[in-house]
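Below: the structure, in structure tokens.
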Ligand SMILES: Nc1ncnc2c1ncn2[C@@H]1O[C@H](COP(=O)(O)OP(=O)(O)OP(=O)(O)O)[C@@H](O)[C@H]1O
Ligand SMILES: [Mg+2]
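Chains as they are written, first to last, in my numbering: chain A, 1 to 398; chain B, 1 to 257.
As structure tokens, this is what we get:
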């Protein structure tokens with residue numbers, strides 16, 4: 001125990017007394033996240049604003065005078081142009097290049113056909129061409145489509161009176177959007193945070209693990225350590241503890257970076273972390289702790305196996321990418337898994353638990369499975385690491 | 001008697017593909033040490049003399065419990081490296097031939113670190129540090145990072161740190177390698193001091209003059225085998241010099257030089 005603490009303190013001091021390591025392992029994750037997110041937030045925010053203030057460019061053909069009258073009441077920011085002698089190919093090019101947001105073609109005599117509808121054999125059709133891959137164009141399309149729908153309902157009411165309607169939807173003066181604001185905020189967080197947290201836990205451990213273990217082999221200093229009369233497990237656990245503490249620090253730093261940049265990232269949408277109570281934070285912390293231990297255990301084993309720092313870093317990469325893929329997959333699901341067996345999968349269980357905690361859907365059984373299985377994995381990892389430190393083949397391979 | 005006895009030690013390594021390519025061999029196994037036996041006594045310096053790749057480092061690593069012999073055993077003060085590696089480690093000071101100290105730390109910090117791992121208390125550590133750092137003139141450099149020390153100062157710090165716990169058995173792998181003659185002399189002088197203090201000292205080297213100057217006994221090891229071992233006194237009584245003996249043994253074993 002005493003020796004374990006001695007090893008732990010020395011390894012921890014190694015990082016703390018090295019400004020460069022301190023910067024890359026602890027400070028950088030937080031600062032990087034903050035900068036990236038703030039920039040992202042500004043770009044996204046700018047886009048939203050632009051769409052709102054953009055002047056819609058709409059080309060029309062046989063524009064219905066009735067519809068134009070109807071539109072006069074709305075406050076849309078539109079610039080109308082006539083098709084004139086543009087060919088359809090030219091219209092296509094303009095839509096593709098963003099010089100036109102919408103092309104709206106009414107059949108000729110549209111307004112008369114609306115009046116003489118009783119003699120008609122077919123319905124008049126309005127064509128609207130737009131480019132769904134352009135934000136301005138699709139936004140214009142949706143606005144005009146809903147105006148046209150409302151216009152057609154108004155015409156229908158004129159023709160048939162109330163008989164026209166079978167029923168109405170959401171016409172009473174009520175607040176129809178009912179949602180749990182907390183949960184919505186939580187889901188916003190849950191789509192991004194788990195992946196980022198796992199990524200930064202990994203990169204924190206990755207920046208120091210290879211140096212602390214493979215580095216000692218590469219430089220040959222491991223021999224001096226191994227001839228001292230202390231247990232190999234003290235060395236293994238001491239190193240794992242120190243790596244874990246540093247990884248936790250880099251996770252905390254990324255966490256702070258995320259929190260500080262969230263208001264900018266989710267511009268307009270209210271993000272208030274006060275929705276989480278002590279219970280959620282305790283859960284979050286214990287899950288993070290367990291995850292850190294699993295990741296550090298894994299990285300330590302890989303580092304002990306590798307002969308050089310470089311080899312260790314290379315061998316860790318596949319695990320890192322695996323973790324990132326797990327994280328990305330979580331971005332596209334709103335709900336957490338309920339199958340308890342899935343919570344036996346390391347890292348996957350962390351991500352699921354994080355989503356659960358952030359969206360207030362904590363499954364106690366899943367929490368227990370995650371915590372207990374993580375601790376079992378860590379014990380196995382430390383046991384393997386201990387055996388590796390005892391193996392001359394691994395410690396002194398050529 | 002605090003003797004160190006190597007008894008019929010054999011150690012085989014399996015060669016990685018990369019190593020086979022380097023050594024241009026098809027063999028998958030390399031017998032690094034083959035049926036090696038010798039005894040080192042207190043108050044003496046035992047010199048393990050051999051060319052590159054003879055098996056010196058392998059032998060010293062096995063004595064220091066870092067690797068296990070396949071066959072045979074080593075007894076340090078009666079404790080077997082196979083059975084009681086913990087007891088053996090308490091009694092030995094081992095200096096590896098590679099770089100030994102982490103660049104980032106100062107000699108003072110590392111001295112304290114290894115002192116704690118060897119179970120010394122604060123007071124003992126300070127006393128021992130003043131003694132060893134004073135002896136090697138490290139005092140002025142004790143707060144300088146290892147990375148910024150000269151090669152000689154690094155080696156002196158390594159030696160001081162390998163001896164924190166004042167071990168009875170001292171095992172140094174090529175301790176004068178890469179040092180200028182002044183530093184080399186201060187190292188060999190210190191080894192003689194240790195021997196005079198009654199310690200059992202084993203050094204490996206490929207330099208004949210080191211053996212001539214400080215060793216009381218010598219073992220000539222070629223290709224993993226002990227070709228000759230006796231006291232330097234007996235050698236001096238014979239008609240052969242150490243150099244002649246060494247070359248003769250090498251030719252007998254390998255055919256040519
Ligand atoms: N861990 C290992 N794996 C495989 N082969 C090894 C290993 N350690 C040593 N050998 C091989 O065993 C032989 C003896 O090596 P050793 O390092 O003991 O020699 P040495 O006498 O110390 O040589 P040097 O003067 O170069 O230090 C060499 O052929 C070496 O390549
Ligand atoms: Mg050697």
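The beta carbon of each residue, even a glycine, is placed where N, CA and C say it ideally should be.
In this text the structure is predicted, and so the values were computed from the model without any measurement.
* To do: Tell me the start and end of each unbroken beta strand (DSSP E) in the segment 300-366 of chain A that is at least 3 residues and wholly inside, in chain order.
  => None, since the segment 300-366 of chain A contains no complete beta strand (DSSP E) of that length.
* Relative to the C-alpha of residue 234(B), which residue among 247(B), 217(B) and 191(B) is closest? -> Stepping through the second chain from its first residue, residue 234(B) is reached at position 234. Selection 247(B), 217(B) and 191(B) evaluated against residue 234(B) yields 217(B) as nearest (Cα-Cα).
* When the cut-off is 8 Å and only beta carbons count, does residue 19(B) lie next to chain A? -> As a first step, residue 19(B) is located in the second chain; it is residue number 19 there, counting from the start. With 8 Å as the cut-off, residue 19(B) counts as an interface residue toward chain A.
* Asked: How many Å lie between residue 90(B) and residue 82(B) at the Cα?
  -> Numbered from its first residue, the second chain carries residue 90(B) at position 90. Numbered from its first residue, the second chain carries residue 82(B) at position 82. Across the structure, residue 90(B) and residue 82(B) are spaced so that their CA atoms are roughly 14 Å apart.
* Asked: Thinking just about the alpha-carbon of each residue, which of 248(A), 343(A) and 294(A) is nearest to the one in residue 319(A)?
  -> Indexing the first chain from 1 puts residue 319(A) at position 319. Checked all of 248(A), 343(A) and 294(A); the closest Cα to residue 319(A) is 294(A).
* Starting from residue 94(B), follow its DSSP beta bridges and name the residues at the other end. => Numbered from 1 along the second chain, position 94 holds the residue referred to as residue 94(B). Paired residue(s): 171(B).
* CA-CA distance, residue 203(A) and residue 246(A)? -> Position 203 of the first chain, counted from the start, is the residue given in the question as residue 203(A). Position 246 of the first chain, counted from the start, is the residue given in the question as residue 246(A). The alpha-carbon separation between residue 203(A) and residue 246(A) amounts to approximately 11 Å.
* Asked: Taking all protein chains shown into account, do 16 or more other C-beta atoms lie within 10 angstroms of the C-beta of residue 386(A), making it buried, or fewer, making it exposed?
  -> Counted from its first residue, the first chain places residue 386(A) at position 386. By the neighbour-count criterion, in which 16 or more other beta carbons inside 10 Å mark a residue as buried, residue 386(A) falls on the buried side.
* **Short-range partners of chain A found in the segment 131-161 of chain B, where Cβ spacing is below 9 Å** => Of all residues in the segment 131-161 of chain B, those with a C-beta nearer than 9 Å to a C-beta of chain A are 158 and 161, reading in chain order.
* **Sequence ranges, alpha helix (DSSP H) only - wholly within the segment 114-167 of chain B, length at least 4** => When DSSP assignments are scanned along the segment 114-167 of chain B, the uninterrupted stretches of alpha helix (DSSP H) that are 4 or more residues long and fall wholly within it turn out to be 122-136 and 151-162.
* Count the other CB atoms, across all protein chains shown, that sit within 10 Å of the CB of residue 141(A); report buried if there are 16 or more and exposed otherwise. => The residue given as residue 141(A) occupies position 141 in the first chain. Residue 141(A) comes out buried.
* Should residue 392(A) be counted as a contact of ligand 2 given a C-beta to heavy atom distance under 7 Å? -> Translated into positions along the first chain, residue 392(A) becomes position 392. Distances from the CB of residue 392(A) to the heavy atoms of ligand 2 are all 7 Å or more.
* Asked: Going by the C-beta, is residue 339(A) closer than 7 Å to any heavy atom of ligand 1?
  -> Here the question's residue 339(A) lines up with position 339 in the first chain. No, the Cβ of residue 339(A) stays beyond 7 Å of every heavy atom of ligand 1.
* **Which listed residue (152(A), 217(A) and 155(A)) has its alpha carbon closest to that of residue 302(A)** => The residue given as residue 302(A) occupies position 302 in the first chain. Measuring from the Cα of residue 302(A), the nearest candidate turns out to be 217(A).
* **Identified DSSP bridge partners for residue 44(B)** => Taking the second chain and counting its residues from 1, one reaches residue 44(B) at position 44. Partner(s): 200(B).
* Asked: Which value, in whole angstroms, describes the spacing of the CA atoms of residue 200(B) and residue 286(A)?
  -> Taking the second chain and counting its residues from 1, the one referred to as residue 200(B) is at position 200. Taking the first chain and counting its residues from 1, the one referred to as residue 286(A) is at position 286. Cα-Cα distance, rounded: 53 Å.
* In three-state terms, what does DSSP make of residue 4(B)? -> Along the second chain, read from residue 1 onward, the residue named residue 4(B) stands at position 4. Looking at residue 4(B) - three-state DSSP - the assignment turns out to be strand.
* Asked: With 16 other CB atoms within 10 Å as the buried threshold, where does residue 338(A) fall?
  -> Walking along the first chain from the start, residue 338(A) turns up at place 338. Exposure of residue 338(A) is indicated by the presence of fewer than 16 other C-beta atoms within 10 angstroms of its C-beta.
* Simplified DSSP assignment, three categories, for residue 81(A) -> Position 81 of the first chain holds residue 81(A). Residue state, collapsed to three classes: strand.
* To do: Give, in chain order, every residue of the segment 99-119 of chain B whose Cβ lies closer than 7 Å to some Cβ of chain A.
  => Those residues of the segment 99-119 of chain B placed with their C-beta closer than 7 Å to a C-beta in chain A are 99, 100, 101, 102, 104, 113, 114, 116, 117 and 118, ordered along the chain.
* Asked: Can residue 56(B) be considered in contact with ligand 2, in the sense that its beta carbon sits closer than 7 Å to one or more heavy atoms?
  -> The residue given as residue 56(B) occupies position 56 in the second chain. The beta carbon of residue 56(B) sits closer than 7 Å to at least one heavy atom of ligand 2.
* When the distance is taken between beta carbons, is residue 194(B) closer than 8 Å to residue 243(B)? -> Here the question's residue 243(B) lines up with position 243 in the second chain. Here the question's residue 194(B) lines up with position 194 in the second chain. For the pair residue 243(B) and residue 194(B), the CB atoms are not nearer than the 8 Å cut-off.
* Asked: What distance in whole Å lies between the Cβ atoms of residue 325(A) and residue 33(A), which are believed to be in contact at a cut-off of 8 Å?
  -> On the first chain, residue 33(A) is found 33 positions in, with the first residue counted as 1. On the first chain, residue 325(A) is found 325 positions in, with the first residue counted as 1. Actually they are not in contact, since the Cβ atoms of residue 33(A) and residue 325(A) sit about 20 Å apart, beyond 8 Å.
* Asked: With a Cβ-Cβ cutoff of 8 Å, do residue 396(A) and residue 67(B) count as a contact?
  -> Position 396 of the first chain holds residue 396(A). Position 67 of the second chain holds residue 67(B). Result yes, Cβ atoms of residue 396(A) and residue 67(B) sit closer than 8 Å.
* Is residue 70(B) near ligand 2, in the sense that its beta carbon is under 7 Å from a heavy atom of that ligand? -> Numbered from 1 along the second chain, position 70 holds the residue referred to as residue 70(B). With a cut-off of 7 Å, the C-beta of residue 70(B) is classified as distant from ligand 2, since no heavy atom of the ligand falls inside that distance.
* CB-CB under 6 Å to residue 39(B), same chain, minus the five flanking residues each way: which ones, in chain order? -> As a first step, residue 39(B) is located in the second chain; it is residue number 39 there, counting from the start. Close CB contacts of residue 39(B) within its chain, under the 6 Å cut and outside five residues either way in sequence, are with 3 and 5 (chain order).
* Asked: Does any CB atom of chain B fall closer than 8 Å to the CB of residue 230(A)?
  -> As a working note, residue 230(A) is residue 230 in the first chain. Under the Cβ criterion of 8 Å, residue 230(A) is counted among the residues facing chain B.
* To do: Return the residues of the segment 67-89 of chain B that lie within a Cβ-Cβ distance of less than 7 Å from chain A, sorted by chain order.
  => So the close ones are 67, 68, 86 and 89.
* Asked: What residues in the segment 4-25 of chain A have a beta carbon less than 7 Å from any beta carbon of chain B?
  -> Here the close residues are 6, 10, 14 and 18.
* **Selection of the segment 208-229 of chain A by Cβ proximity to chain B, strictly under 7 Å** => Under the 7 Å Cβ criterion, the segment 208-229 of chain A contributes 219, 220, 221, 223, 224, 226, 227, 228 and 229.
* To do: Output yes if chain A places a C-beta closer than 8 Å to the C-beta of residue 281(B); else output no.
  => Lying outside 1 to 257, the shown extent of chain B, residue 281(B) is not represented and no answer is given.
* **Closer than 9 Å at the beta carbon, the chain A residues around residue 92(B)** => On the second chain, position 92 is the one that residue 92(B) refers to. 227, listed in chain order.
* Any idea what DSSP makes of residue 235(A), helix, strand or coil? -> Here residue 235(A) is taken as the residue at index 235 of the first chain, counted from 1. Looking at residue 235(A) - three-state DSSP - the assignment turns out to be helix.
* Give me the Cβ distance between residue 251(A) and residue 358(A), rounded to the nearest whole Å; I'm assuming they're in contact under 8 Å. => Indexing the first chain from 1 puts residue 251(A) at position 251. Indexing the first chain from 1 puts residue 358(A) at position 358. So it is not a contact: roughly 15 Å between Cβ atoms.
* Under a three-way DSSP split, which group does residue 34(B) fall into? -> For this step, residue 34(B) is matched to residue 34 along the second chain. Strand.
* May I ask you to list the residues that DSSP assigns as paired with residue 283(B)? => Past the edges of chain B, shown from 1 to 257, lies residue 283(B), and the structure says nothing about it.
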